[in-house]
Structure formats: structure tokens, C-alpha cells
Amino acid sequence: MALLDVRDLTVVFGRRGQRPVRAVDGVSFSVDSGQVVGLVGESGCGKSVTSLALMGLLPKRAVKVTGSVMFDGMPLLTMDERSMRDLRGRDIAMIFQDPLSSLNPVVSIGTQVTEVLLRHRGLKGEAARKEAANLLDRVGIPDPVRRLKDYPHQLSGGMRQRALIAMAVACRPRLLIADEPTTALDVTIQAQILELLKDLVSGSDTALILITHDLGVVAGICETINVLYAGRVVEATDRRQTFAAPRHPYTVGLLGSIPRLDAVRGEKLTPIRGSVRDVLAWSDGCAFAPRCDRRIDQCLQGPPELVDAATGPPHRFRCVNPVPKDQLDQGAPTLVTEVSP
Amino acid sequence: MTESLVEVRDLKVHFPITSGILFDRVIGHVKAVDGVDLAVPRGKTYGLVGESGCGKTTLGRALLRLTPITDGTIVFDGTDITALQGERLRVMRRRMQMIFQDPLSSLDPRQNVESILVEGLSAHRMGGGRKEQRAIVGKTLDAVGLPQWALSRYPHEFSGGQRQRIGIARALVLDPDLIVADEPVSALDVSIQAQVLNLLEELQDNLGLTYLVIAHDLAVVRHISDTVGVMYLGALVEEAPSDDIYRTPLHPYTRALMSAVPVPDPDVEDRRERILLAGDLPSPANPPAGCRFHTRCPWAQPTRCRDERPELRSLANGATHRVACHWAEDIASGKLRPHEVSVELVRPEGDIEVPAMPLDNVALP
């Protein structure tokens, strides 16, 4: 059984006097123990709202969350706030994008880390401080005992993110949700943090959901990748398929838009037309149709279903006129090495 | 006619750090740019890349004389503009324009697009009458791919990519020679980034523009530039044609930066060599002595690196590839091997030593 099973998750934000917004529109995916799953998409695709909905962190007013989220057999969406609070931080932990705004600026790092240990593991006093120092050491913060007395503003961005990760992994959670964990950081620091996340989840049965807009980041770390567009999963498959043989025109378009460091110079980028604002409601047809080069009449006749590819590894895409397989298959990897978790 | 449009010699921009309640006294300097030499050839693109705090934005701004220069010279099209003042500087500025990172905060929300574009023309008394100005503005809109009805709209009515096009149009109406683009695409979504990058390339082909592109994303910079300069703590550590910098990076920092950029290809990601840098960027208020990178460098040697600042020099194999490292040859040949680096903690506010100051030195305002 999957550790986390999300079925038809829908989040609708009500707006006074205006049409409600469907930020997440029927997202389904599952995460196994120890697996690293990526949620990828541009701004407004619903990736962050999905994670907040899983954690039960969305405001209750004017927000309607429907669908089902099963975590280890427990329904998260209908759970009462008390049990949810026990679960949060202990079984499911989250790492946010901006470490400065998610740490309390007037409380020392030590107090913030020991808070988790006190709440969920019942550690007190010296034992808690010792364990906190251990955790800081584990995430690569130099001189951890002295850092416990530091305040967030005294640490650099990368060190703050490490402190936040230390808090998240304090109780060895079974599921870690990282929402754009490296977006606010410089590339060399990003590489450090990604390596740290990889180390933390590999060899343990902690599962990781990595939410990002950067396809390069997921390429190195995720086993399964879900590409989101306008609140729905448009393509879901393992990472090799995603990059070597994408079928959805949006995924193909995204890959064509990224300047690659190892590309031949002088090659033009092939951007996607229009902007993320040009969407169609999913109920009327494919939301990507207004920007799609492969649009046919059928695209505008009702919402496309997420279908399985007929052959090959598990590969689902939401498109009635997918990019033909043989057109891209030359690029498929012949040397399939063991996928590192 | 000189070959390079812009030449920068030993440029320094230092910002004073002041402290005190009644009298501000200078207790140190942030050396944002500390001795940079570079030349931007006419009609080409020079890409400046580096992490936050390396001084790349300050360098771009100093080049346009938007920030006071501490030392050094800037020659623009044969004219030394370092000390240019008043009207002569204002007239010169028409020829060098800037594109900013965040299109929403760099466009006045209460001006419509027409007024944004006409403002520059009027300031430089270009285009003659209203009719001619309209013609220039209309042509510019076409060039950046915006519809004519955009003229009467306001910035908030556009998407991020379109706003960036307005920013580009504002730079273009004055028919400049040089455009400094500071992080032109980093605020945009991936699919929109590619549109703007392609537009910048097209404009260069059609109008013969010279670009200085400043960005933190090495892949973006390499894609658009002819020459790439890598900055670290206020100085260039390496400069090379775009192809060379990817194929044969010589400076340890460039190698680390290159290996840290994620590539959207699992096969490449699994196989590539990773050089993880330890620790963070040191504070530019108190940069390390000698080579500024020696505190994080996996190839740092006990001699020279700590006490002698390396010059940007060209290696034997090519004059176009310059690197500021004492050991570049030995690292390239594999004679020196990388070693472990212990992490030094970096304080974001910097450790500024406050010098004890005799009282009679305090200047009264």
C-alpha cells in the first residue's frame, strides 16, 4: 500500500463577488515509502496549494477542499485538528521556500529546534539541547553547540535552510514535503542543499515530495515526476521517461524553453506561445489548448482524461493528441543505470 | 571607431559602512567591485555571471554611471565617461540603456505604456513632433512583439512576459548602442524566459545592439553571450568565449559553479562530476586576503593562495581565455587534486572590525 495516496484533490478558493478559483482541480498521485516524487509546474499551476492542502494548512474560511488524501490508511482531509497537530512535524514535515520568513526571528535556533523535540519526542532540558546539536550537525551546520544560541538573522541563507531541514527531520518523519526548498538560494548553495536532502532520504524509508518549477532540480533527485498545469497533473511518469520521451506538448515545450548548460551553442530556444494566463477552464477542454501547437478540434470538446501509455513503463498523460512516441524515442536512454533514490 | 564599445579599467566601487548616532563615521567599506577590467566588443554580448553579493549588479550600474565610482576608468565609444558631469553625461545616457529584473517595480503603475515610452523621447528631445514620436513608439512596439492597443494600457494589465517587453521597448525607443540587462529573465516563468531570450537575440541581430547581460543563471548567460565573465566577491575570476568556458573551465570557482547548475537530463545528472563547495560566500566587507576564493577552494594550496591576490591573466593556449588563479595550469593538467575543505561560518552582516578612533579625528558636520 502506498504511504500517501491523493485522489481527486480539489481546492477551490471563494472570492467575494467573483467567480471562485479552482487552484487545484482533481490532482491524483501516490507516494511510496522511501520514494522521491516531484511535482513540477510554473507559477499558478497549484503545486504549492497541493502541499498546503496535504498538510491541512489552508485557511478554513472560503476554501473548499474535496477529494481524498490517505496517509498510511488515515484520511487526512477529514482528520480533526488535534490528531492533525500530532501528525504534523512527527509523521509529515514540511520545508518551505524562504527560510527567513518561516523561522521565528525573535527566537533562537536552538529553541526552535528543541520545540519540535519537546512537542513530539518528549525530550527535555539537556537531552533536548544535545539532540538539537546532533541534528544541526547532521545537516552540516558547523560548530552546532554554539549555533543553538544564534538567531536566524545571524545565519546565511543556506545555513537557515539547513536549520529548517534539521527541524523537519527531527522526528524522522515518514513523509517530507519540500516546497521550492532551493529557489531562494544561490546555485552552489542549492547544490549543497539538494545533496543534503538526497543523503537524508536515501537509505531511510522517509518519502520526499519535492515541489519545484525547475526541471533541472527534479532531474537529479526524483524517481517519479508529476507535471502540473492549471491545477491538474498533465503528465506523470518516471524521470527517465519525462526527459527522454515526454508525450504531453506542455512538458515538451518546457524542456524546449530551458537553456541547457551542455547544449550546442547557437541553438535557438523553442518557447511556448502565450503565457500561463491564457488558460481555458478544464471543463471546456484542455487548459493548455490556447498555447498548444498540436491543438486539434477534439482538444476543445470536453476535458481530456489522464490516460496510460499503451506500451512501455508506466506513463500517464492528459492529451488527446500527444507527441508521437517514435518522434522522440531516438533520445531514449540505452544505458539504463540503476536509478539512485 | 574602436573595436570595443565599452572598456572598463581597474574599476572599483566601494560603499562606506557608517556607524554612529550623532556623527556618522566610516568604519569600513563594502568592496562591491574591487578592480575589474573588461571590454565589451561592439555588436556582441558580454555575460556577467556570479552569485548574489558578487558585485555584478553594482558593476552594471557603475558602467552606466548610476552609482558613484571609487576608482578606475570607463571608456564608452572612445569617450572617457568616468568624470562626465551634467548635461554631457545626460546626453551620453541616451546611448546606454538598462533593462531591469522586475518589470513590475521598474514600471510606473500610474503611467500608461505610451507615456512610459514617450517620456524618454521627450527628455532627449527626439522624434520632433507628437506625430513622429508616435511613429517611433509604434515601430518599437512592433519590434518587441506587443500589439498597438497596448499604448493606452497600464503595466498591471499585462502579464510578466509582456511587462518585460515594455521594459525592453522603453530601452529601445532611444535607439541606444549599449543595453545593460540586469537579470532580464529571472523573474519570469520558464516558458516565458525563452520568449524573452529569443527576443533579445532577434533585436541584436536586427539592430546591431551591444549587450551586457548580468545574471546568476550560468545556463542563461552562456546561451545568450559571446563572452562570459565569472565574478566572485567583486572581481572577475575567469573570462572566456562561451564555448570555452563550458568546455574547459579553468578557475576552481567556475568549475564548481558549472557542476552545481542542474541540467534537465537524468543521464547527465547521474554521470556528471560534482564539486560541492563548502560554506557560504564570505562578506564583501571583509573579504579574505590573497585569493578571495581560497576559503572555499578545493584546490587551495598552502603557498601563494592565502597572501597573494592572483591577477587575471591569459594562459599560454589562448589570449581570449583569462583566469585569475595561481595554479590554473596545474589544475587543468590534473597535477593538483582537489581536497576536503572545512566549512567556515559566514555571518551575513559581515564581521566588521570597528577601529578604535581617537576623538580629534571626528569631523564635525
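Chains as they are written, first to last, in the numbering used here: chain A, 62 to 402; chain B, 1093 to 1457.
Ideal Cβ placement from N, Cα and C applies to all residues, glycine included.
- Looking at the backbone, the Cα of Ala297 of chain A and that of Gln1287 of chain B are separated by about 26 angstroms.
- Rounded to whole angstroms, the gap between the alpha carbons of Gly78 of chain A and Val85 of chain A is 21 angstroms.
- Look at Val1355 of chain B: its C-beta is under 9 angstroms from a C-beta on chain A.
- With respect to Lys121 of chain A, Val73 of chain A sits apart: the two C-beta atoms are not nearer than 9 angstroms.
- Identification of chain B residues near Leu276 of chain A by a Cβ-Cβ cut-off of 7 angstroms yields Pro1356, ordered along the chain.
- Taken atom to atom, the span from the alpha-carbon of Asp345 of chain A to that of Gln362 of chain A is near 7 angstroms.
- The DSSP-derived three-state label of Asn382 of chain A is coil.
- At the C-beta level, Met1323 of chain B and Gly1142 of chain B come within 9 angstroms of one another.
- Minimum Cα-Cα distance from Gln253 of chain A among the listed residues A:Ala305, A:Val200, A:Gly292 and A:Ala227 corresponds to A:Val200.
- The beta carbon of Thr331 of chain A falls within 9 angstroms of a beta carbon belonging to chain B, placing the residue at that interface.
- Collapsing the DSSP output to three states places Phe304 of chain A in a helix.
- At a Cβ-Cβ threshold of 9 angstroms, Pro1344 of chain B and Ile1423 of chain B count as neighbours.
- Taking a cut-off of 8 angstroms on C-beta distances, the region 92–101 of chain A does not touch the region 156–172 of chain A, as fewer than three cross pairs fall below it.
- Residue pairing of Asp369 of chain A in beta bridges, as defined by DSSP: A:Arg377.
- Counting other Cβ atoms within 10 Å of its Cβ, Pro242 of chain A reaches 16 or more and is therefore classed as buried.
- Inter-segment contact for the region 245–260 of chain A and the region 213–226 of chain A is present: three or more beta-carbon pairs are separated by less than 8 angstroms.
- The closest CA to that of Gly1253 of chain B, considering only B:Leu1291, B:His1216 and B:Asp1116, is found on B:Leu1291.
- Taking C-beta atoms as the reference points, Tyr1338 of chain B and Arg1363 of chain B fail to come closer than 9 angstroms.
- With a cut-off of 8 angstroms on Cβ pairs, the region 1198–1214 of chain B is not in contact with the region 1163–1170 of chain B, counting fewer than three such pairs.
- In this structure, DSSP gives His1121 of chain B an extended state, which the three-state scheme calls strand.
- Minimum Cα-Cα distance from Gly1371 of chain B among the listed residues B:Ala1348, B:Ile1284 and B:Arg1157 corresponds to B:Ala1348.
- Using beta-carbon distances, Val1415 of chain B does not count as an interface residue toward chain A, since no partner is under 9 angstroms.
- Taking C-beta atoms as the reference points, Leu271 of chain A and Val98 of chain A count as a pair closer than 9 angstroms.
- The beta carbon of Leu1151 of chain B sits no closer than 9 angstroms to any beta carbon of chain A.
- Contact of Met1323 of chain B with chain A by beta-carbon distance below 9 angstroms is absent, the smallest such distance being about 13 angstroms.
- Under the three-state reduction of DSSP output, Leu1199 of chain B falls in the coil class, being neither helix nor strand.
- Against chain A, the CB of Ile1113 of chain B has no partner CB under 9 angstroms away; the residue lies outside that interface.
- If you keep only unbroken alpha helix (DSSP H) runs of at least 4 residues inside the region 1357–1414 of chain B, you get 1358–1363.
- DSSP assignment within the region 105–158 of chain A yields the following whole alpha helix (DSSP H) runs of 4 residues or more, N-terminal first: 108–116 and 142–148.
- Proximity to Arg1366 of chain B across B:Asp1297, B:Ala1352, B:Val1277 and B:Ser1434 peaks at B:Ala1352, based on C-alpha coordinates.
- At the C-beta level, His1413 of chain B and Leu1342 of chain B come within 9 angstroms of one another.
- Each of A:Arg334, A:Leu184, A:Pro351 and A:Ser169 was checked against the Cα of Leu341 of chain A, and the nearest Cα belongs to A:Pro351.
- Cβ-Cβ distances below 8 angstroms link Leu1270 of chain B to Leu1097, Val1098, Val1132, Phe1168, Arg1187, Met1188, Gln1189, Leu1301, Thr1302, Tyr1303 and Leu1304 in the same chain, with the five nearest sequence neighbours on each side left out; the list follows chain order.
- One thing to note: Val1433 of chain B has its Cβ no nearer than 9 angstroms to the Cβ of Arg1384 of chain B.
- For the region 1326–1357 of chain B, the set of residues with a beta-carbon nearer than 8 angstroms to any beta-carbon of chain A comprises Ser1334, Asp1335, Tyr1338, Ala1348, Leu1349, Met1350, Ser1351, Ala1352, Val1353, Pro1354, Val1355, Pro1356 and Asp1357, in chain order.
- Comparing alpha carbon positions, the residue from A:Ile170, A:Gly292 and A:Pro365 closest to Ala227 of chain A is A:Ile170.
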